[in-house]
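Quick note, in my numbering, the sequence shown goes up one by one and the last residue is 428. A virtual CB, placed ideally from N, CA and C, is assigned to each residue, including glycine.
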Amino acid sequence: KAIAQKDLEIHYQPIVDTKTWNIAKFEALCRFKPVPDLPFTTQEMIGIAEDLDLIAELDRCVSILSLQDLPKIKTLFGQGVGVTINRSFNTKMDATQILTNTMEIIDRYTDTPQSVTIELTESAYFDSQSHQVDALNALRSRGVTVAIDDFGTGYSSFTYLSDCNFDYLKIDREFVTDIQVNSNKYSIVKMITELSHTLGVKVVAEGVETEHEVWVLKSLGIDYIQGYIFSKPLPLKELVRAKEYRNRFAYSGAKVEQERKP
Numbered sequence: 167k168a169i170a171q172k173d174l175e176i177h178y179q180p181i182v183d184t185k186t187w188n189i190a191k192f193e194a195l196c197r198f199k200p201v202p203d204l205p206f207t208t209q210e211m212i213g214i215a216e217d218l219d220l221i222a223e224l225d226r227c228v229s230i231l232s233l234q235d236l237p238k239i240k241t242l243f244g245q246g247v248g249v250t251i252n253r254s255f256n257t258k259m260d261a262t263q264i265l266t267n268t269m270e271i272i273d274r275y276t277d278t279p280q281s282v283t284i285e286l287t288e289s290a291y292f293d294s295q296s297h298q299v300d301a302l303n304a305l306r307s308r309g310v311t312v313a314i315d316d317f318g319t320g321y322s323s324f325t326y327l328s329d330c331n332f333d334y335l336k337i338d339r340e341f342v343t344d345i346q347v348n349s350n351k352y353s354i355v356k357m358i359t360e361l362s363h364t365l366g367v368k369v370v371a372e373g374v375e376t377e378h379e380v381w382v383l384k385s386l387g388i389d390y391i392q393g394y395i396f397s398k399p400l401p402l403k404e405l406v407r408a409k410e411y412r413n414r415f416a417y418s419g420a421k422v423e424q425e426r427k428p
């Protein structure tokens, strides 16, 4: 019913540029409004939507609502800020149809497609066939950027990395949590980041929760960071609070540089 009536809330989590420490974009995340005497989590509802084959329509609703919010977000954070919307392939709908549908939504609901990033799960991208590459490139030719989510947790393949039909690689929080200099996690993230940059792909680390993680990741050349260390996802009416992280951070990587020394 919520999907049919587009009666959903969208919360936005900032993605921060590690060079400027400004918010580059916000990821749009679905939230179902509470129902009296019927407790549930967002993940439970998304699972039900997948079981009922409603996930494509849910993604469509979230995309439309977030694109309608985009002008207000730009007013708060500047014309250069963008929005990231998720599209799942875990549906009976053909992946090419989903990508084409996404372009139609963008054409209809925004006049700044260059402000939009489409986020796909790694397994969905890896499973996609060559005929879907045309749909991806059609999006990118309009200025839309493409991000691959949860890298390293599914079907990682150097083959699809070499195809390079995307613009951002998001490293899963599994490789970020409590990352230590010169640890195995550190070496893996370093390798992924250097390879991505060689291919012209920018890297986003998600699930970052501590200042130590921020500085280790910055020392590795990560381009963008997303996580509770900056802000939890917020509704539009509270989104101005996403700026508060700037008051908490003393932007110096000295601690990391000291740890790297023998």
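Here Leu242 has Leu405, Val406 as same chain residues with Cβ atoms under 8 Å from its own Cβ, once five neighbours each way along the sequence are excluded. In the DSSP assignment, Ala313 is bridged to Glu285, Tyr334. Note on geometry: alpha-carbon atoms of Thr184 and Tyr390 lie some 5 Å from one another.
CA-to-CA, the gap between Ser349 and Tyr178 works out to about 32 Å. Between Gly246 and the set Val342, Val370, Thr186, Ser307, the nearest pair of CA atoms involves Thr186. In the three-state reduction of the DSSP assignment, Ala194 falls in the strand class, which pools E and B. For Gly213, the enclosing alpha helix (DSSP H) starts and ends at 208 to 217.
Scanning its chain for C-beta atoms nearer than 8 Å, with the 5 sequence neighbours on each side dropped, one finds around Val182 the residues Asn188, Ile189, Ala190, Tyr390, Ile391, Gln392, Phe396, Tyr411, in chain order. For Tyr394, the number of other beta carbons within 10 angstroms of its own is below 16, and it is reported as exposed. In this structure, Leu286 sits near Asp315, with a CB-CB distance shorter than 9 Å. Setting aside the 5 residues that flank it on each side, Phe341 is surrounded in the same chain by Gly318, Lys351, Ile354, Val355, each with a C-beta closer than 7 Å to its C-beta; the list follows chain order. Rounded to the nearest angstrom, the gap between the Cα atoms of Met211 and Phe198 is 8 Å.
The shortest CA-to-CA distance from Ser281 to any of Ser229, Ala170, Leu386, Thr359 is the one to Ser229.
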